[in-house]
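Working notes, structure below.
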């Protein structure tokens, strides 16, 4: 399922897993993307909204 999760989150930024080779049921997952806080935050808000929708898709995939 890891490839499917990464595919869903790929447009959001760098996807990082804790202990990527470990065989366990629970994992921590980070998606990182740089943001310029000195300017207009529209792009950052759009990224956060897209991230929430993508996480819902991951939840449906795993649920």
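Numbering (the numbering used here), first residue to last: 1096 to 1158. Ideal Cβ placement from N, Cα and C applies to all residues, glycine included. If you're wondering where the values come from, they're calculated on a predicted model, not measured in any experiment.
Assumed close pair residue i, residue j - CB separation to whole angstroms, cut-off 8 Å
| i | j | result |
| --- | --- | --- |
| residue 1127 | residue 1143 | Not a contact, Cβ separation roughly 13 Å. |
| residue 1100 | residue 1148 | In fact, because the Cβ distance is near 14 Å, the residues do not count as touching under 8 Å. |
| residue 1130 | residue 1139 | 5 Å |
| residue 1146 | residue 1107 | 5 Å |
Reference residue i; option with closest CA among the options
| i | options | result |
| --- | --- | --- |
| residue 1124 | 1156, 1155, 1109 and 1140 | 1109 |
| residue 1096 | 1134, 1119 and 1145 | 1119 |
Residue interval of the alpha helix (DSSP H) (run including residue i)
| i | result |
| --- | --- |
| residue 1101 | 1097–1104 |
Range covered by the beta strand (DSSP E) that runs through residue i
| i | result |
| --- | --- |
| residue 1109 | 1109–1112 |
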